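Residue numbers (the working numbering): 19 to 102.
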């Protein structure tokens with residue numbers, strides 16, 4: 019089995035280092051650590067919810083429904099009138 023040759027760690031000829039400006043390692047890591055949660059959605063889910071607001075609204079509605087169902091709240095009993 020052949021060992022793959024290590025590629026040179028160089029940029030392509032059409033790229034110039036000065037085009038990229040000053041680079042900072044882990045520039046946005048602190049922002050993500052503060053509570054930004056990124057979630058990868060399935061393609062079908064992404065098509066059903068075109069915006070982040072639509073996803074959040076649906077999930078908040080589901081949470082409300084789940085809390086109502088688990089709290090033991092039951093619909094009021096209705097009484098039927100007996101036929102005479």
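Note that CB positions come from ideal geometry on N, CA and C, so glycine has one too. Quick caveat, the model's predicted, so the values are computed rather than measured.
Margin query: My output table needs one value for residue 60: the three-state DSSP class, helix, strand or coil.
Written below: As a first step, residue 60 is located in the chain shown; it is residue number 42 there, counting from the start. Reduced to three states, the DSSP call for residue 60 is coil.
Checklist line | Start and end residues, alpha helix (DSSP H) containing residue 73 | finding: Taking the chain shown and counting its residues from 1, the one referred to as residue 73 is at position 55. Its alpha helix (DSSP H) spans residues 70-88.
Next item on the list: Mind checking which residues open and close the alpha helix (DSSP H) that includes residue 48?
Entry: The count along the chain shown starts at 1 and reaches residue 48 at position 30. Segment 47-51, the alpha helix (DSSP H) holding residue 48.
Next item on the list: State the Cα-Cα distance for the pair residue 38 and residue 47, rounded to the nearest angstrom.
Entry: Here residue 38 is taken as the residue at index 20 of the chain shown, counted from 1. Here residue 47 is taken as the residue at index 29 of the chain shown, counted from 1. Approximately 19 Å between the Cα atoms of the pair.
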